[in-house]
Amino acid sequence: MDNSHPVVPYIGQAAWAFVLPHFSDYAKKTLATLIQFVEEECLPAEKLFHAQVSTDPAKRWKQYPQVIEDLKAKAKQRGLWQLWMNKAQYGEHGGRLSNLEYSVMAEVMGHAIRIAPEATNSSAPDTGNMEVLARYGNKEQQAKWLKPLMEGKIRSSFAMTEYGIASSDATNIRTSIVLDEKTNEIVINGHKWWISGAGDPRNKIHLVMGKSDPKASKYKQQSIVLVPSDTPGVKLVRPMQVFGYDDAPEGHFEVIYENVRVPASNLILGWGRGFEIIQGRLGPGRLHHCMRSLGIASRALDLALLRATDERKSTFGKRLFEHGAVVRELAESRISIDQARLLVLAAALVVDQHPERAKGALREIGMAKAFVPTVVNTVIDRAMQLHGAEGISQDTPLAALWAQVRTLRYADGPDEVHLDQLGRTELKRVDAVRAKYAGVQKREDELMKGEKAKAKL
Numbered sequence: 001m002d003n004s005h006p007v008v009p010y011i012g013q014a015a016w017a018f019v020l021p022h023f024s025d026y027a028k029k030t031l032a033t034l035i036q037f038v039e040e041e042c043l044p045a046e047k048l049f050h051a052q053v054s055t056d057p058a059k060r061w062k063q064y065p066q067v068i069e070d071l072k073a074k075a076k077q078r079g080l081w082q083l084w085m086n087k088a089q090y091g092e093h094g095g096r097l098s099n100l101e102y103s104v105m106a107e108v109m110g111h112a113i114r115i116a117p118e119a120t121n122s123s124a125p126d127t128g129n130m131e132v133l134a135r136y137g138n139k140e141q142q143a144k145w146l147k148p149l150m151e152g153k154i155r156s157s158f159a160m161t162e163y164g165i166a167s168s169d170a171t172n173i174r175t176s177i178v179l180d181e182k183t184n185e186i187v188i189n190g191h192k193w194w195i196s197g198a199g200d201p202r203n204k205i206h207l208v209m210g211k212s213d214p215k216a217s218k219y220k221q222q223s224i225v226l227v228p229s230d231t232p233g234v235k236l237v238r239p240m241q242v243f244g245y246d247d248a249p250e251g252h253f254e255v256i257y258e259n260v261r262v263p264a265s266n267l268i269l270g271w272g273r274g275f276e277i278i279q280g281r282l283g284p285g286r287l288h289h290c291m292r293s294l295g296i297a298s299r300a301l302d303l304a305l306l307r308a309t310d311e312r313k314s315t316f317g318k319r320l321f322e323h324g325a326v327v328r329e330l331a332e333s334r335i336s337i338d339q340a341r342l343l344v345l346a347a348a349l350v351v352d353q354h355p356e357r358a359k360g361a362l363r364e365i366g367m368a369k370a371f372v373p374t375v376v377n378t379v380i381d382r383a384m385q386l387h388g389a390e391g392i393s394q395d396t397p398l399a400a401l402w403a404q405v406r407t408l409r410y411a412d413g414p415d416e417v418h419l420d421q422l423g424r425t426e427l428k429r430v431d432a433v434r435a436k437y438a439g440v441q442k443r444e445d446e447l448m449k450g451e452k453a454k455a456k457l
């Protein structure tokens, strides 16, 4: 067992022992390089990133911090580019890492969540959109949009969630996507919101999901079309705020598509294939969110440890770690993080064993998606409480991290949907469970009958 790898302080000896047999020499070397990059480049750059975000409303959504482009160049030089794609799932577009290997790297990147994922071109929503184009796009679409996305030259959005409806059930989506046969153009009309990255000045393409055939069967009514962000009729209404954070200059926007026209060739995969596409997109994306979130939780626990042992901070004559309640919460946070990590790692391993759109891992991914955000928010909340009023201010990253992770209980499907699906999956086992215990009962009766017979003798 190699306990000398620099990742051990990040994930602990137990998790490293679990993943080590599945790590190639290339992955171990890449992971060590990534840790160095995060610690030496990404974490120190956070303050500079926020300083470079303009406070001028006229410029806030038009300029992107230069530090990100500088870090992208450094990531490429270190071989840390496009870490999340692998050949098993993405063929010619994939890299050399497995999902399990990447999951550990994503947790490390989560320690610098605002910087590291984007610096390595491994951030949402581009990862999911690249996945769609790699799996379902044609050669022309891949050349026009996938290539610049993979090179980090542009950003993108996935427009599914809609204003005024319960978008957790995607069959409710009302945006109209119809073909104008006279011009061979697709016409889009709809009102979307919470569209990640739509405000980014580098955004060049929206993947828009809408209803193309209301008369088709329930899961064949939707299609997905490529809409360049500068197409006439694409209107950015306003940035959406998450507990007061607007996440400029990227943000989550309310967007109206009004008589937007694009060539029919911008349709992805085919008419009525929208649900098929989003199921392929959302599975790995959900797991990526969980991976990065664990890094956020670990950083929050790091900050809690520093606060608890700070000689300048004492209450009622004691330093914070001398209070039993504080020590208990530190322990509970450690248990929760390690618990959640093993669930995520197991899901990633199953995805590697079933690379066909992660179908074989839907149960494991669903469990992770429902469990991890709540755990991470609890860990952050404890760290905030330990920091007092400072913990909810801009002087620590905790409040912003809490707000970000809280949104994951909605993003890519709310907790209730995942829990409902998991519960229904469990119910499917009832016949097998009943048969199992019927067999136990039968054998029990036989044993007791024999025992009674011995007693009579």
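Residue numbering for the sequence shown follows full-length UniProt numbering, beginning at 1 and increasing consecutively.
C-beta: ideal position from N, C-alpha, C; glycine also.
Are residue i and residue j close, meaning C-beta to C-beta below 8 angstroms?
i, j, result
"A340", "F371", "yes"
"E250", "G199", "yes"
"A15", "L345", "yes"
"Q66", "Q52", "yes"
"Q141", "I268", "yes"
"A300", "L398", "yes"
"G283", "T127", "no"
"S293", "V405", "yes"
"N172", "V351", "no"
"G210", "S167", "no"
"L48", "H111", "no"
"G391", "A400", "no"
"T378", "H387", "no"
"M150", "Q63", "no"
"S196", "P148", "no"
"A248", "W61", "yes"
"L349", "H22", "yes"
"G274", "Q222", "yes"
"I278", "A170", "yes"
What are the boundary residues of the alpha helix (DSSP H) that residue i is part of?
i, result
"H50", "L43 to Q52"
"Q404", "L398 to T407"
"Q36", "D25 to F37"
"Y257", "Careful: Y257 lies outside any alpha helix (DSSP H), inside the beta strand (DSSP E) at H252 to P263."
"P373", "L362 to H387"
"K72", "Q66 to Q77"
"V132", "D126 to Y136"
By Cβ distance below 8 angstroms, which residues in the same chain neighbour residue i in space, the five residues on each side in sequence not counted?
i, result
"I35", "P6, V7, Y10 and V108"
"S123", "P117"
"residue 461", "Only positions 1 to 457 of the chain appear in the structure, and residue 461 is not among them; the question remains open."
"A32", "H5, P6 and V7"
"L447", "none"
"E46", "A112, R114, I115 and P397"
"I68", "F49, I115, E118 and A119"
"K313", "R307, R319 and L320"
For residue i, which residues of its own chain have a beta-carbon under 7 angstroms away from its beta-carbon, when the five flanking residues on both sides are left out?
i, result
"T425", "R363"
"A347", "L287, A361, E364, I365 and A368"
"D445", "none"
"H418", "G366, K369 and A370"
"A403", "V242, F243 and Y245"
"I256", "H191, K235 and V237"
"A75", "F37, W81, A119 and T120"
Kindly list the residues whose CB is nearer than 6 angstroms to the CB of residue i, restricted to its own chain and excluding five residues on each side of it in sequence; keep chain order.
i, result
"R357", "Only weak support is given to the placement of R357: the predicted model assigns it a pLDDT of 49, under 50, and the question is left unresolved by the model."
"residue 518", "Past the edges of the chain, shown from 1 to 457, lies residue 518, and the structure says nothing about it."
"K72", "A119 and G152"
"K220", "G272"
"Y84", "Correcting the residue type first, residue 84 is Trp in the shown sequence and not Tyr. Result list for W84: Y102, S122 and T127, in chain order."
"L457", "none"
"F316", "none"
If you follow the beta strand (DSSP E) that residue i is part of, which residue opens it and which one closes it?
i, result
"Q222", "Q222 to P228"
"K192", "E185 to S196"
"V237", "V234 to M240"
"K211", "N203 to K211"
"V178", "S176 to D180"
"F158", "R155 to A159"
Looking at chain D, is there any beta carbon in it that lies within less than 8 angstroms of the beta carbon of residue i?
i, result
"D70", "Structure shown: chain D not included; a single protein chain is present."
Across the segment 239–249 and the segment 150–163, are there enough close Cβ pairs to call them in contact, namely three or more that are closer than 8 angstroms? No, because fewer than three Cβ pairs between the segment 239–249 and the segment 150–163 fall closer than 8 angstroms, the two stretches do not touch.
Which ranges would you report for the alpha helix (DSSP H) in the segment 91–118 if only whole runs of at least 4 residues count? Runs of the alpha helix (DSSP H) spanning 4 or more residues and lying entirely within the segment 91–118 occur at 99–110, in chain order.
Please determine if the segment 177–192 and the segment 206–226 are in contact, where contact requires at least 3 C-beta pairs separated by less than 8 angstroms. yes
With contact counted as at least three CB pairs below 8 angstroms, one residue from each stretch, are the segment 393–410 and the segment 418–437 in contact? no
Quick check: the segment 173–185 against the segment 255–263, are there 3 or more CB pairs under 8 angstroms? yes
At 3 residues or longer, what runs of the beta strand (DSSP E) sit wholly inside the segment 279–333? The beta strand (DSSP E) runs of length 3 or more contained entirely in the segment 279–333 do not exist; there are none.
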